[in-house]
Amino acid sequence: MRIIAGSRKGRVLFSVPRKKTSVKPISSRIRQSVFDMLRPWITGSIFLDLYAGTGASGLEALSRGAQKAVFVELDRFCVRVIERNVAHLGFGEQAVVVRGNVLSGLEWLKYHSHEGFDIVFMGPPYRDEEGLPLHYTSRTIELAAAGNILSPGGLIVAQHHKKEPVAAPPGYEIVRQVKYGDTLVSLVRREKNGA
């Protein structure tokens, strides 16, 4: 897994051995497509990477000119991998890595960005250990809205299974959906005068 573009283009990222965790990183193809869509908003942005895994999305954002990235991940082993990747790429001054449970609420993230995050990327797990669908995406979007963590006009980029229904809470709208095999990427925007 490598950084696709920007100041760290081509740099290799440390990954999480499959034996250690069930994390499935975003594919390079999807990451390339998502960041092509986000190009107008990345430079100077405050980026939040939820369910961060290896940190590939937040690190890609930093490489492409994001001002700051906050990574939230529950798995201890993944947190160590993210910290290693941040140090390896020299983003220590621009990155904050936090071990936390996204589903327990997100209000506390305002401490890391008082004006709100410009882009929130989320790639929650699709299935549990028994293979049953988890459907975390809409719940996480609702928590982001309830926590008031997005800046007005800010974007949520949600990577989820194509069969998982996604809804936008009041003050937010789904502006685009792109399918990649079994994966759907939904772009949800906070209205500039929304709640």
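Sequential numbering from 0 applies to the sequence shown in numbering that gives the first Met the number 0. Note that CB positions come from ideal geometry on N, CA and C, so glycine has one too.
| Query | Result |
| --- | --- |
| Mind reading off the beta-carbon distance from LEU102 to LEU154? Whole number of angstroms is fine, and I expect it under 8 Å. | Contact flag wrong, Cβ pair sits at about 21 Å. |
| Please tell me whether THR53 and PRO24 are closer than 7 Å, where the distance is taken between their beta carbons. | yes |
| Could you tell me the alpha carbon to alpha carbon distance between GLY146 and HIS134, rounded to whole angstroms? | 19 Å |
| I'd like the ranges of any alpha helix (DSSP H) spanning at least 4 consecutive residues and lying wholly in the segment 124-182. | 136-145 |
| Within the same chain, show all residues whose beta-carbon is closer than 6 Å to that of VAL69, passing over the 5 residues directly before and after it, in chain order. | LEU47, VAL95, HIS111 |
| Starting from LEU58 and walking both ways along the alpha helix (DSSP H), at which residues does that stretch end? | 55-62 |
| For MET36, report the span of its beta strand (DSSP E) as first-last. | Taken as a continuous stretch (DSSP letters only), MET36 belongs to no beta strand (DSSP E), being part of the alpha helix (DSSP H) at 27-41. |
| By the three-class DSSP mapping on this structure, what secondary structure does ALA68 have? | strand |
| In three-state terms, what does DSSP make of ARG10? | coil |
| Excluding the 5 residues preceding and the 5 following ILE148 in the sequence, name in chain order all residues of the same chain whose CB lies nearer than 8 Å to its CB. | LEU47, LEU105, GLU106, LEU108, LYS109, SER112, GLY115, PHE116, VAL119 |
| One question on the structure: do PRO169 and GLU141 come within less than 7 Å of each other, judged by their Cβ atoms? | no |
| Taking only three categories from DSSP, how would you classify LEU186? | strand |
| At which residues does the alpha helix (DSSP H) containing LEU88 begin and terminate? | 75-88 |
| Excluding five sequence neighbours on each side, which residues of the same chain lie with their C-beta closer than 7 Å to the C-beta of ALA166? | SER137 |
| Does VAL184 pass the burial test, meaning 16 or more other C-beta atoms within 10 Å, or should it be called exposed? | buried |
| In the DSSP assignment, what are the bridge partners of ALA94? | ALA68 |
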